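For the sequence shown, our numbering assigns the number 1 to the initial residue and increments by one for each residue that follows. Virtual Cβ for every residue (Gly too), placed ideally from N, Cα, C. Computed from a predicted model, the values in this text were never measured in an experiment. Please read the structure below before turning to the comments.
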Amino acid sequence: MGVFQLSFVHLVTFSLFQTTTIVQGSKEQFLLYRLRTHRDSRAFACLFNEHKDPIFRYLKAKLPTVQDAEDALSTTFLRLWNYVITSPVDHVSSLTFTIAKGVIADFYRQRKVDIPLTNEEGEDLPLAGEDGKEGIEQRVEVSLIKRIIPTLKSEHQDVIILRFVQGLSVREAARYLQKSESAVRVTLHRAIKELRIKFEQKHCEPPHVSPNSAGTQGDHPVNRP
Numbered sequence: 001m002g003v004f005q006l007s008f009v010h011l012v013t014f015s016l017f018q019t020t021t022i023v024q025g026s027k028e029q030f031l032l033y034r035l036r037t038h039r040d041s042r043a044f045a046c047l048f049n050e051h052k053d054p055i056f057r058y059l060k061a062k063l064p065t066v067q068d069a070e071d072a073l074s075t076t077f078l079r080l081w082n083y084v085i086t087s088p089v090d091h092v093s094s095l096t097f098t099i100a101k102g103v104i105a106d107f108y109r110q111r112k113v114d115i116p117l118t119n120e121e122g123e124d125l126p127l128a129g130e131d132g133k134e135g136i137e138q139r140v141e142v143s144l145i146k147r148i149i150p151t152l153k154s155e156h157q158d159v160i161i162l163r164f165v166q167g168l169s170v171r172e173a174a175r176y177l178q179k180s181e182s183a184v185r186v187t188l189h190r191a192i193k194e195l196r197i198k199f200e201q202k203h204c205e206p207p208h209v210s211p212n213s214a215g216t217q218g219d220h221p222v223n224r225p
C-alpha cells in the first residue's frame, strides 16, 4: 500500500471518527434541549442509560456497600435532573462525575465507616495466613484498600478509581477529568505512592489491646478507625 493509500485510509478513519463524535454530541445536546424546554422524562432516561454504568462502578468503588452505591446513584441522577432542567450543560459525563463526587463527600461527612472484619453471613474473616485461604486474604486487603481510598487527596482518589477500578486508559481518564495525559500520569504516580504508604501503615498496624484483655491470649479487639 502506497503513501497516498495510507494517507487516504487515515483520512477516512479520522473523518468517520469526527462524524461519530458529532452525531453523539448532537444527540446529547438534543436530549438536553428536550429536558430544558419540556422536562422530557424519556430524554432523561436516555441520558441515564448512557451514563449510569460508569458512574455506578465509580460509586461502588468509593462506598462501603452496594446498597450505599445504589442510594448514591439515585441521589446523583436526581441532582443531575434538577441541574439540567434549568442550566445549560456542555458535557453530561463530566457533570455527572462531579455530582457523584459531591454525593460521596456528603456520605462520608454524615457517617463514620469502619473496616468490615466479617463476611456477608456475619462470620469473622480469618487473618492473612490462617488456614491458607488466599482468597480470604485478598478480600481483606481489597476491603482495606477501599477504605483507604477516601482518605487520599481528592485528585488522587479520582485517578485511582478511573484507572484501576473502571479500567480506563490514561487517555480516557484525561478526557474524563479534562486534563492532559501527562498531568494524569504524574497524578497517578503520586496517587499510587500515597495509597501504598497508607496501605502499608494500616496493614502493619498492630491490634489495639484494651487494659481488660491484657495478658489474655487469642481475643484481641481490633482498633477500628
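- For N82, the closest of D40, K198, A174 and I149 by C-alpha to C-alpha distance is D40.
- Leaving aside the five residues that flank L32 on each side, the residues in its chain whose CB is nearer than 7 Å to its CB run, in chain order, V84 and V89.
- Taken through DSSP and simplified to helix, strand or coil, D106 comes out as helix.
- With contacts defined as CB atoms closer than 8 Å, E181 and A174 qualify as a contacting pair.
- Nearest C-alpha to D71 among T86, V186, I148 and I104: I104.
- For L80, the secondary structure class from DSSP, reduced to helix, strand or coil, is helix.
- DSSP places D90 outside both helix and strand once states are collapsed to three, so it counts as coil.
- The residue from L63, F44, F48 and P54 with its alpha-carbon nearest to that of R163 is P54.
- Straight-line spacing of the CA atoms in S169 and H156 works out to 16 Å.
- The beta carbon of L152 sits closer than 6 Å to the beta carbons of E194 from its chain, once the five residues preceding and following it are set aside; these are given in chain order.
- Going by beta carbons, F56 and I145 fall outside the 8 Å limit.
- Going by beta carbons, F107 and D68 fall inside the 8 Å limit.
- Distance between P64 and I149, taken at the CA atoms: about 11 Å.
- Taking a 10 Å sphere around the C-beta of H189, we find fewer than 16 other C-beta atoms and assign the residue as exposed.
- Each residue's CA atom was taken as its position, placing V184 and S154 some 13 Å apart.
- Around the beta carbon of I161, a 10 Å sphere encloses 16 or more other beta carbons of the protein chains shown; the residue is thus reported as buried.
- Shortest Cα-Cα distance from S93 to any of A61, N49, T37 and I197 involves N49.
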